[in-house]
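Following this note's numbering, the numbering of the sequence shown begins with 361 at its first residue and continues without gaps.
For glycine and all other residues, C-beta sits at the position ideal for the given N, C-alpha and C.
The structure displayed is predicted, hence computed values, not measured ones.
As structure tokens, the structure follows; a few thoughts come after it.
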Amino acid sequence: MDAAILEELRRRYAEPHRRLHGWAHVARMLAEAEEIAPAIADRPAFILAVLFQRAVFDRSRPDGPERSIALMRDLAGPLLPPTRLARAAALVSALASQDLPETRDASLRGDAALLLDMDRAPLGAGPAAFEAHAAAHRAEYTHMKDDTYAAGRAAELRLLLWRERIFHTDRYFLAHERQARRNITGLLARLEA
Numbered sequence: 361m362d363a364a365i366l367e368e369l370r371r372r373y374a375e376p377h378r379r380l381h382g383w384a385h386v387a388r389m390l391a392e393a394e395e396i397a398p399a400i401a402d403r404p405a406f407i408l409a410v411l412f413q414r415a416v417f418d419r420s421r422p423d424g425p426e427r428s429i430a431l432m433r434d435l436a437g438p439l440l441p442p443t444r445l446a447r448a449a450a451l452v453s454a455l456a457s458q459d460l461p462e463t464r465d466a467s468l469r470g471d472a473a474l475l476l477d478m479d480r481a482p483l484g485a486g487p488a489a490f491e492a493h494a495a496a497h498r499a500e501y502t503h504m505k506d507d508t509y510a511a512g513r514a515a516e517l518r519l520l521l522w523r524e525r526i527f528h529t530d531r532y533f534l535a536h537e538r539q540a541r542r543n544i545t546g547l548l549a550r551l552e553a
């Protein structure tokens, strides 16, 4: 990746309103991508998606993913083939929707499953790390009143609990599913109290 692009991304991920989705989040996902590199079908597109996933970020606006994709196309477009950019854009969109893309491309679905699971991995962290994650998540919604935030977050977490599996891939399911369900259940109890 071009040094000027990385510097621009680091600047964006250091914005003061970010508490959870800063450079540390990206760095964690990049480190995990290195560990699971053989499982990733298109590593350059995957890394591009990790880098640009929330490059444009404002919780009070719903168009962050689209703007992040547009920024990715502007900055990296001249350096990469259109098919790679399209695949990275599909991965960013999957992350934004928190669902697998509807496609017959099994490799794209597989990469999206890994990306979603990497993003959700903190839900299955130990209690202290999970509490820090939950506090950082709340801090990104300072524009919302406590009761509004609690209702929305509780609904989002309930949807995860209702799924047969929170994690798509066996790797993340085996490592994080049980703890994630415990963490989410405890947070839901506090949100709904």
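Length of the line joining the Cα atoms of Pro425 and Arg371: 18 Å
Quick one: give me the first and last residue of the alpha helix (DSSP H) that Asp434 is part of. 424-436
Own chain residues within Cβ distance below 7 Å of Ala540, not counting five before or after: Leu483, Gly484, Ile526
Contact defined as beta carbons within less than 8 Å: I believe Leu451 pairs with Ala405. What is the distance between those atoms, to the nearest angstrom? 7 Å
Below 8 Å, how does it come out for the stretch 406-424 and the stretch 445-463: are there three or more Cβ pairs, yes or no? yes
Pair within 9 Å by beta-carbon distance, Ala448 and Ala409: yes
If you scan the stretch 494-537 from start to end, which runs of the beta strand (DSSP E) of 3 or more residues do you find wholly inside it? none
Would you kindly report the start and end of the unbroken alpha helix (DSSP H) that includes His377? First-last for His377: undefined, no H or E at that position.
Please list the terminal residues of the continuous alpha helix (DSSP H) segment that includes Ser457. 442-457
With Ser420 as the anchor, note down where its alpha helix (DSSP H) starts and where it stops. That residue, Ser420, is in no alpha helix (DSSP H); it is neither H nor E in DSSP.
Identify which residue in Asp465, Arg464, Tyr509 has its Cα closest to the Cα of Ser420. Tyr509
Label Arg550 either buried or exposed according to how many other C-beta atoms from any shown protein chain fall within 10 Å of its C-beta, with 16 as the threshold for buried. exposed
I'd like to know whether the C-beta atoms of Ala436 and Ile365 end up nearer to each other than 9 Å. yes
Is there contact here, the stretch 463-482 with the stretch 498-507, by at least three beta-carbon pairs under 8 Å? no
Using a threshold of 9 Å, state whether the C-beta atoms of Leu439 and Asp362 are closer than that. yes
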